[in-house]
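Report on one structure; see the data block that follows.
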């Protein structure tokens, strides 16, 4: 009986040690999904910032989750379907408390965000800030996995970006004076230029 108990202890210790080693090294075909954008992709980041652009109340989420998650939908969003297709869990919002595991990806999108930092400034996570959050995640992955493995992992990841519509809508719904200073063509150039420069 004592030898069986000793064997079980040894087996459990060995199995848990192997699990720890495997969890720090990703499989070659491991994939992750990194998401940037606005309300079309926001899974609930805006729940964690001071803004009125939130979807954390009824009827949002009713079809799939049965409760509001912060998604501007009654169910799942495009990144959710892509994650499901790739056999990944739903990609969590970056700002979700306790979210420190990024090996399946993370979602930085914020409802109301634009390519221009001035779009809904102070009430959303603009594209530039979303990219700075991604740099923090990349740094954390390099620290956890090592430079070579993190770079290989990030180079195989899938990146979704959907942003810019708020940049075009806001000047019209907010009675902005932007078109007193810029032609429509110049403004479009600013939005597109910011996408390519960011």
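Residue numbers (mature numbering (1 follows the signal peptide of the UniProt record, and there is no 0)): -17 to -1, 1 to 181. Here a beta-carbon is modelled for each residue, glycine too, at the ideal position from N, C-alpha and C.
Check for me: the alpha helix (DSSP H) holding residue i runs from which residue to which?
{"i": "residue 151", "result": "148 to 156"}
{"i": "residue 161", "result": "161 to 164"}
{"i": "residue 82", "result": "Residue 82 -> no alpha helix (DSSP H), and no H or E assigned at all."}
{"i": "residue 124", "result": "110 to 128"}
Going by alpha carbons, who is nearest to residue i out of the options?
{"i": "residue 161", "options": "99, 54 and 113", "result": "99"}
{"i": "residue 175", "options": "151, 163 and 126", "result": "151"}
{"i": "residue 27", "options": "119, 164, 89 and 104", "result": "89"}
{"i": "residue 71", "options": "21, 178, 155 and 15", "result": "15"}
{"i": "residue 118", "options": "167, 91 and 23", "result": "91"}
{"i": "residue 120", "options": "82, 178 and 131", "result": "82"}
{"i": "residue 153", "options": "104, 59, 169 and 40", "result": "104"}
How would you call residue i, buried or exposed, if buried means at least 16 neighbouring beta carbons within 10 angstroms?
{"i": "residue 184", "result": "The structure shown does not extend to residue 184, since the chain is modelled only from -17 to 181, so the question has no answer here."}
{"i": "residue 110", "result": "buried"}
{"i": "residue 25", "result": "buried"}
{"i": "residue 85", "result": "buried"}
{"i": "residue 113", "result": "buried"}
{"i": "residue 155", "result": "exposed"}
{"i": "residue 20", "result": "buried"}
Short check: CB of residue i to CB of residue j, under 7 Å?
{"i": "residue 94", "j": "residue 55", "result": "yes"}
{"i": "residue 34", "j": "residue 44", "result": "no"}
{"i": "residue 47", "j": "residue 142", "result": "no"}
How far does the beta strand (DSSP E) with residue i in it reach, from first residue to last?
{"i": "residue 88", "result": "88 to 90"}
{"i": "residue 20", "result": "16 to 20"}
{"i": "residue 28", "result": "Premise fails: residue 28 is in no beta strand (DSSP E) and is neither H nor E."}
{"i": "residue 171", "result": "It is not in any beta strand (DSSP E) - residue 171 instead sits in the alpha helix (DSSP H) that spans 167 to 180."}
Output needed for residue i: all residues of its chain with C-beta closer than 7 Å, excluding positions within five of it in sequence on either side, in chain order.
{"i": "residue -13", "result": "Confidence is the limiting factor: at residue -13 the pLDDT is only 49, short of 50, which leaves the residue's position unreliable, though a coordinate-based value still follows. Nothing listed; no residue qualifies."}
{"i": "residue 139", "result": "14"}
{"i": "residue 50", "result": "44"}
Please list, in chain order, all residues of the same chain as residue i whose beta carbon is under 8 Å from its beta carbon, the five residues on each side excluded.
{"i": "residue 32", "result": "78, 93, 106, 107 and 108"}
{"i": "residue 167", "result": "none"}
{"i": "residue 61", "result": "23, 24, 143 and 145"}
{"i": "residue 75", "result": "26, 82, 89 and 90"}
Identify, in the order they occur along the chain, each residue of the same chain with its Cβ nearer than 6 Å to the Cβ of residue i, setting aside the five sequence neighbours on each side.
{"i": "residue 178", "result": "98"}
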